[in-house]
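Here this note's numbering = 1-based position in the sequence shown + 1080. Glycine included, each C-beta is placed from N, C-alpha and C at the ideal position. Structure, as C-alpha cells:
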Amino acid sequence: MPAYNRRLPLPAYAPIHDMHLFTVLRGFTVWMLVTPVLMVLAAWLQWDTASAAVWQGLLETVLPEYTLTSLWLCALVAIGVVSIGSVGAAAVSLFEFPGRRTLAWLMLLPLAMPAYVVAYAYTDFLQYSGPLQNWLRSHTGWQGALWPDVRSTWGAAVVLSLGLYPYVYLLCRSALSERAPQLMEAARLLGASLPRRIFRVALPLARPAIAAGLALAMMETLADFGVSSYFGVQTFSTGIYKAWLVMDNRVAAAQLSSFLLLLVAVVLWMEYRAQSRLRFVTRRGASRTNESQAFRLQGWRAAVAFVLCVLPVLLGFVCPLLIMGHALWVGSQQQPLPWAAFAGWFWNSLRLGGISAVLAVGLALVLAHGVRTRPTWWRRLSTQLAGLGYAVPGVVIVVGLLLPLAWVQQRWPDSGAGYWLTGTLLGLLWAYLVRFIAVALQSVQSGYSRISLSADETARMLGSGGRDVFWRVHWPLLRPAAASALLLVWVDVMKELPATLVLRPFNTDTLAVMAYQLARDERLGEAALPSLALVLAGLLPVLLMARAQAASQRP
C-alpha cells in the first residue's frame, strides 16, 4: 500500500524518463506522417508570377478535364458500388435461400483482387483483338468492333465498382444484421408487405452504413492510379504523375495535388458524418434473436437472390482469375516463365511489406498506448492526424516527399538528400508509413477498446509500472489485433503501385510494379505471374475478415 501511495500523485503510471521518450517518439511519428501533406499545401506559399502562369495554364488546359473526369468516374463508381453492395448485403442479411451462408463470405473475395489486375484481365479478354470478339466474329460473320473500347471511363468505372463494392457490402451487412430482422418482423405483424418492409424499414436503417462505405470507395477511386493510367483515363492521379515525371513541372504537380486533397477532404467530411450516424445506429442495435429469422425465399425468388449475389463474385474475382490463369498458361507455352526474375520481385515485395508492417504496427502501438495512458486532447488530435494518411492518394504523398527534397537539393546541392530518399529504401518506407499506418492504428485501437480500464487500475494497485502494465497486461491481449494489423499492412504494401513506381531504388522492382509495366507493354502472359501472386497474397486478409464476420454473426 505505501508503494501505491507514492505512485498515486503522479498523473500517469509511466516513469518520467519513459514518458519523455514516448513523447519524443510520438512527436517525431506525427511530424513524419503529416509532413508530406503539409509540404503539398506549403507549395502555395511560394506563389509568384511563374506559379500564377502555371496555374493559369492548368485552368485553360487540363484542370477542367481532370476535374470533370474524376467527378464523373466517382459518380459512376458510386452508382455501381451502392447497387452491388447494398443489394448483396440485403440479400444475405434479410433473406434465407440456398447458398446464402457461403455467398455471404464469397462476396468479400473481390477485395483480394487488385483493381489494376482486373483491368489487365478484362482489357485482354474484351478488346478488339481479344479472344471473345475474335470468336464472335469468326462464328457470326460480324465485322468491326462489337462494343465500345473497354479502355474508357465507363470501363474504369465498371472495374473499380467490381473491386470496391465490398466496402459498402461489409458495412451495410453489419448494419442490417443488427436490427433489420427484428424491425421487419414487427412490420410484418403490422401488415406491411415485403417490398414495403424492405424499402421503408430495412434500407433506411442502412443509409449511414451505405454512406460510410460509399465514402471509402470514393477515396479509393480518387487515389486510383493503376486502372486510370492503364485505361488512359485523365484523372487527377494520372495528371499529377504526368506533371512531375513527364513534364518535369513540380509546381503544376503540387497545385494539382492540393486540388485533389480538397476533393479528398470533402469525401472525408462525408465519411465522418456517416460514421457518426452509423455509431448512433449501432449503439441502439441489438443482436438477432431466434424469434426474428430471415425471410425464406423459394422458387424463382431464391434463384434471383442467388444470381444477384454470385454475379459480382464471378465478374470481380473468378473471371479475372481464370483469364489471368489462361494467359499465364499460354505464355508458358510460348516461352519459359521468368522464375528467377519473379523470385527477385517476390522477395522485394515481401521485404518491403514486412519492414513496413513491423514499423507501422510499432508506431501504431506507440500512438495508441499514449492515448490510453494520457487521453489528452493533443494526443487524441495527433493520433487522428496520423491516421489521415490512408485517405491521401499515394501519388500525392510522393509529391509531398519530393517537393522538399527538390528545395533542399537546390539550396544545398552536395547534401546527399536525394540519395537517401530515392537511392535507398528510406523514402519508400516513409511513403508506406504515411499511407498505411492508419490500417495498423485502427486494428490496435480496436484491440485496446476490448481491454477494460479496470485491468490497468488493478495492475497499478498491485505495484506495476507503466512498462510492466504494457508488457504483462496490454501486449498479451493485443497480440491478435497486432497480428491482424501486421498482415493487413503487409498485403497493402505489396499491392501499392504509384508510390513504389516513383520512389523505388534501382533494382528494387516489386510484383505490383512489374505487373503494371509488363501489362502496359502488352505482355500479359508475363504480367499474369506477378498479378496472380498478388491475388494469392490478398486472399489471406480477406479470409481472415470472412472468418471474423462469420463469428460476429453467430447468435
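Counterpart residues of residue i in DSSP-defined beta bridges
i       : result
Glu1140 : Beta-bridge pairing links Glu1140 to no other residue.
Phe1175 : Phe1375
Segment limits, alpha helix (DSSP H) that includes residue i
i       : result
Arg1552 : Counting along the chain, Arg1552 falls outside any alpha helix (DSSP H), and DSSP gives it neither H nor E.
Pro1190 : Segment: none, Pro1190 is in no alpha helix (DSSP H) and carries neither H nor E.
Pro1392 : Trp1380 to Val1393
Trp1427 : Trp1419 to Thr1453
Asn1214 : Pro1211 to Thr1220
Glu1537 : Leu1533 to Met1541
Ala1511 : Leu1506 to Ser1529
Val1582 : Pro1578 to Leu1583
Trp1487 : Gly1474 to Arg1491
Glu1300 : Arg1287 to Ala1303
Val1410 : Cys1399 to Gln1414
Leu1591 : Leu1591 to Arg1600
Pro1275 : Leu1274 to Arg1277
Trp1457 : Trp1457 to Ala1466
Thr1318 : Phe1316 to Tyr1321
Asp1229 : It is not in any alpha helix (DSSP H) - Asp1229 carries neither H nor E in the DSSP assignment.
Phe1311 : Gly1306 to Phe1311
Thr1502 : Looking at the DSSP string, Thr1502 is not in any alpha helix (DSSP H), and its letter there is neither H nor E.
Leu1206 : Ala1195 to Leu1206
Selected residue, minimal CA-CA separation from residue i, among the options
i       : options                               : result
Val1446 : Ile1403, Leu1226, Ala1466 and Leu1542 : Ala1466
Trp1570 : Pro1418, Arg1552, Leu1620 and Leu1183 : Leu1620
Leu1263 : Ala1282, Pro1144, Pro1178 and Glu1140 : Ala1282
Leu1250 : Leu1269, Ala1184 and Tyr1208          : Ala1184
Pro1246 : Leu1343, Thr1453, Ala1289 and Arg1600 : Ala1289
Trp1626 : Ser1526, Ser1564, Ala1599 and Cys1399 : Correcting the residue identity first, residue 1626 is Ala in this sequence and not Trp. Nearest option by C-alpha distance: Ser1564.
Tyr1310 : Asp1572, Ala1599 and Met1327          : Ala1599
Gly1433 : Leu1505, Gly1450, Pro1416 and Ala1345 : Leu1505
Leu1482 : Ala1579, Leu1125 and Met1193          : Ala1579
Val1117 : Val1615, Leu1567, Leu1342 and Trp1380 : Leu1342
Met1112 : Gly1271, Phe1550, Leu1439 and Leu1604 : Leu1439
Thr1109 : Gly1293, Pro1275 and Leu1443          : Leu1443
Ala1423 : Ala1323, Arg1460 and Met1594          : Met1594
Ser1462 : Ala1448, Val1475 and Phe1177          : Ala1448
Ser1436 : Asp1572, Leu1501 and Val1331          : Asp1572
Gln1378 : Phe1175, Val1238, Lys1322 and Trp1215 : Phe1175
Gly1474 : Trp1425, Glu1576 and Asp1128          : Glu1576
Val1248 : Leu1521, Leu1148 and Val1161          : Val1161
Gly1480 : Trp1500, Val1120 and Leu1558          : Val1120
Trp1555 : Gly1312, Ser1429, Leu1542 and Val1441 : Val1441
Leu1614 : Met1574, Ala1385 and Leu1143          : Met1574
Val1344 : Leu1485, Leu1542 and Thr1147          : Thr1147
Thr1115 : Trp1510, Glu1602 and Leu1583          : Trp1510
Ala1562 : Tyr1528, Arg1459, Leu1325 and Ala1132 : Tyr1528
Ala1133 : Leu1216, Pro1560, Asn1329 and Leu1533 : Asn1329
Cβ neighbours of residue i in the same chain (closer than 7 Å, five flanking residues each side left out)
i       : result
Ser1308 : Ala1236, Thr1315, Ser1317 and Thr1318
Cys1389 : Gly1168, Ala1171, Val1172, Leu1183 and Met1187
Ser1163 : none
Val1230 : Tyr1202, Thr1203, Leu1206 and Gln1207
Leu1242 : Pro1190, Val1198, Pro1392, Leu1395 and Gly1396
Cβ-based neighbour list, residue i, same chain, cut-off 6 Å, excluding 5 preceding and 5 following
i       : result
Ala1286 : Cys1252, Ala1255 and Leu1256
Glu1371 : Reliability of the predicted coordinates at Glu1371 is poor, the pLDDT of 43 falling under 50, and no value is obtained from them.
Phe1360 : Below a pLDDT of 50, predicted positions are generally treated as unreliable, and Phe1360, at 48, falls in that range; the measurement from the model is reported next regardless. Contacts found: none.
Ser1150 : Thr1315 and Phe1316
Phe1397 : Leu1189, Pro1190 and Met1193
Leu1568 : Val1519 and Pro1621
Leu1616 : none
Met1350 : Ala1295
Thr1362 : Because the pLDDT at Thr1362 is just 48, under 50, the model does not fix this residue reliably, and the point stays unresolved.
8 Å CB neighbourhood of residue i in its chain, flanking five on each side removed
i       : result
Val1553 : Ile1531, Ala1535, Asp1536, Ala1539 and Ser1544
Residue-level contact to chain C via CB, residue i, 8 Å cutoff
i       : result
Tyr1202 : Among the chains in the structure shown there is no chain C, since it carries only a single protein chain.
Report task. Flag this pair as touching only if the segment 1460-1474 and the segment 1514-1525 have three or more C-beta atom pairs under 8 Å; answer yes or no. Result -> yes
Query raised in the report: Using 8 Å as the threshold, is the segment 1147-1167 in touch with the segment 1534-1542, meaning 3 or more CB pairs across them?
Result: no
**Report entry** Three CB pairs or more closer than 8 Å across the segment 1224-1232 and the segment 1158-1171
**Finding:** no
Query raised in the report: Taking three-plus beta-carbon pairs below 8 Å as touching, is the segment 1491-1500 in contact with the segment 1329-1345?
Result: At 8 Å Cβ cutoff, the stretches do not touch.
Query raised in the report: Looking at C-beta atoms only, is the number of pairs between the segment 1388-1403 and the segment 1585-1598 that lie closer than 8 Å three or more?
Result: no
Report task. Taking 8 Å as the threshold, find out whether the segment 1190-1205 comes into contact with the segment 1295-1307 through three or more Cβ pairs. Result -> yes
Query raised in the report: Counting Cβ pairs closer than 8 Å, one from the segment 1599-1608 and one from the segment 1407-1415, do we hit at least three?
Result: yes
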